[in-house]
Amino acid sequence: MKRLFTVLLSLILGIAMLTFAACADTSPNAPFDGNGQTGGNNESGNNESGDDESGGTTEPQSPATSGDPASDMLVVYFSWSGNTQEMADYIAGQTGAYLVEILPEEPYEGSYNDVAYGRAQEEAETNARPAVSQATYDLIDMQKYDTVIVGYPIWWHTAPMVIGTFLEHYDWTGEDIYPFSQSASMSTSQFDESMQFVRDCAKNANVHDGLFVRPNDSDAIDEYLSANGLVGEPQTPSETSDVLVVYFSASSSQNTARVANYIAQATGGSLFELVPVDAYTSEDLNYNNDSSRVVQEYENEELRDTELVSATPENWDEYDTVFLGYPIWWGIAAWPVNRFATGNDFTGKTVVPFCTSASSDVGESDSLLADMAGEGNWLAGHRFRSRASESDVRNWLGGHGAK
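Okay, here's the thing in C-alpha cells:
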C-alpha cells in the first residue's frame with residue numbers, strides 16, 4: 050500500500066509540473082509579451098493577407114515612413130504584430146516627428162511560437178545583433194535630429210536584439226533618446242531591463258525615462274509627451290465646408306471607414322457612407338469559399354450591380370471636392386461604389402479616390418470609376434496600407450492643400 054501511495058504521489062506531482070510548464074508561456078513572464086496577435090482584415094475580396102505585420106506574411110520590402118524628414122524630431126520603431134507600430138504612428142502624429150520603421154534585413158517570419166521560441170530566443174540568449182536593412186539607414190540622416198523617440202516590444206524580458214543593432218550604428222553623443230514600449234504582462238521589471246539595454250547600446254546619449262503603457266492608452270501617451278515637451282503644433286481641422294468624404298467599408302476591421310474619418314476630421318468635410326441594401330456578412334466576404342456572395346459577384350459581373358440605401362448625399366450640388374474611398378477587390382474598386390459613380394453628376398467637381406489594401410495597389414480602380422462617371426476632374430488614386438494611421442492620412446492630405 051505504501052508503494053502504491055508513493056507511485057500515485059509521483060504521478061500527481063508529475064502532472065502538476067506539466068501543468069505549470071504549460072501555463073508558463075501565458076503567464077506574465079511569457080517571452081513574447083504583447084506580440085502574439087495577428088492582424089486584421091484588409092477588406093479585400095481576394096486572397097491577400099490582411100495585415101502586413103501578422104507574423105506569417107512576407108515582410109515589406111521597404112520600411113514604412115511618414116512625416117517630414119526635415120523635422121528636428123525622429124520616431125523610429127520595430128514592430129512585429131503591429132502593437133508598437135500603433136503607438137509609433139500616434140506619437141508621430143502628436144509630435145510632428147518624422148517616422149521610420151526599423152526593418153530587419155532578414156524578416157521575422159513564421160508563427161508566434163516559431164519566432165518566439167526560435168530565432169528571437171536564440172538572439173536573446175547569445176546577445177546577437179541581427180542586421181538592419183540598409184533601406185532603413187538610407188532613410189535617416191541622424192545629424193538632423195536632436196530628439197529621437199525609440200519604440201519596441203518586449204522580447205525575452207528586454208528589447209529585441211535588432212534594436213541594439215540599430216542603436217550601435219550611430220554616435221549618440223549629446224542626443225536625447227526617449228524609449229517607449231508595450232507588452233501583454235506590463236512587467237515594469239522587464240521594461241527596466243530594456244531601458245538598461247538601450248543605455249548600453251546608445252553610448253553617450255541622454256536616455257530619458259521611458260514610456261511603458263498599453264498601445265491604445267492615448268491619454269497616458271499624451272501625458273508623457275506633454276511632460277517631456279515633445280508635443281508638436283496642434284493639428285486643427287480646416288474651415289473648408291465644400292468637402293465631402295464618401296466611402297464603402299465592408300469588413301469588420303473597417304479600414305476604409307477609419308481612413309475616411311481621418312480625412313473628414315482633417316478637412317472639416319462631411320461623411321457619407323455607401324450602405325448596400327443587402328449588407329455583406331462575414332460569410333458573404335469569405336473569398337476562400339467559391340460559393341460565397343463576393344466570389345459569385347466577382348465571377349458574374351451582372352451580379353455586381355449593388356443596390357444602395359442611398360447613392361446621392363444631401364446637398365450634393367454644394368460640394369466641390371469629393372474624396373471617394375473603397376477597399377480593393379480583385380484589383381478593382383469594391384463594386385458597391387459603382388452605383389455612386391454612375392448615379393451622380395460630377396460636373397465641376399474634383400474627385401480624389403483612395404483605397405485600402407495590405408498589398409494591392411490602386412491599379413486601374415481610379416480610372417475605371419472616372420470612366421463610369423464620365424464627368425468631373427478625377428485625380429489619381431492613393432492606396433493606404435491596412436493599418437494606416439492618422440499621421441499617414443494627414444501627410445498625404447498635405448499634397449492636396451487640405452492638411
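So the number in my numbering is just where the residue sits in the sequence shown, counting from 1, plus 49.
For each residue, glycine too, the CB sits at the ideal point set by N, CA and C.
On a predicted model such as this, the values are computed, not experimentally measured, just so you know.
Is it buried or exposed, residue i, if we count other Cβ atoms within 10 angstroms and call 16 or more buried?
i    : result
E174 : exposed
A429 : exposed
V324 : exposed
E171 : exposed
A437 : buried
K398 : buried
S406 : buried
Q183 : exposed
S275 : exposed
D441 : buried
Q453 : Absent from the structure is residue 453, since the part of the chain shown begins at 50 and ends at 452.
E224 : buried
S414 : buried
S238 : exposed
S331 : exposed
Q245 : exposed
S128 : buried
L123 : buried
N364 : exposed
Near residue i, which residues of its chain fall below 6 Å by C-beta distance, leaving aside the five closest residues on each side in sequence?
i    : result
V401 : F372, L428
F215 : I151, V181
A169 : W204
P153 : P179, V211
F261 : S230, F240
A208 : Y201, S243, F246
H257 : Y227
Can you give me the Cβ contacts of residue i inside the same chain, cut-off strictly under 7 Å, excluding the 5 residues immediately before and after it?
i    : result
E424 : D394, F395, T396
W445 : H431
A299 : E92, Y329, L334, P376, A383
G213 : R178, F246, C250
Quick one: grab the DSSP three-state call for residue i.
i    : result
W445 : helix
V358 : coil
E150 : strand
V343 : helix
P228 : strand
V295 : strand
G213 : helix
V386 : helix
L279 : coil
W427 : strand
W379 : coil
V371 : strand
L418 : helix
L123 : strand
E439 : helix
T391 : helix
N364 : coil
T222 : coil
N265 : coil
D271 : helix
T399 : strand
N255 : strand
Using the DSSP secondary-structure output, state which residues sit across from residue i in a beta bridge.
i    : result
W204 : T207
R455 : Nothing in the structure corresponds to residue 455, since the chain is present only between 50 and 452.
S115 : L148
L334 : According to DSSP, which records beta bridges pairwise, L334 is partnered with nothing at all.
Only counting the same chain, and skipping five residues up and downstream in sequence, which positions put a Cβ closer than 8 Å to that of residue i?
i    : result
D121 : K193, Y194, D195, T196
R434 : D101, A113, T405, S406, A407, D441
T285 : Because the pLDDT at T285 is just 45, under 50, the model does not fix this residue reliably, and the point stays unresolved.
Continuous beta strand (DSSP E) assignments of at least 3 residues falling wholly in the stretch 297-327 = 319-322
task = Run through the stretch 135-203 for me and flag every whole beta strand (DSSP E) of 3 or more residues, listed as ranges in chain order.
result = 147-150, 196-202
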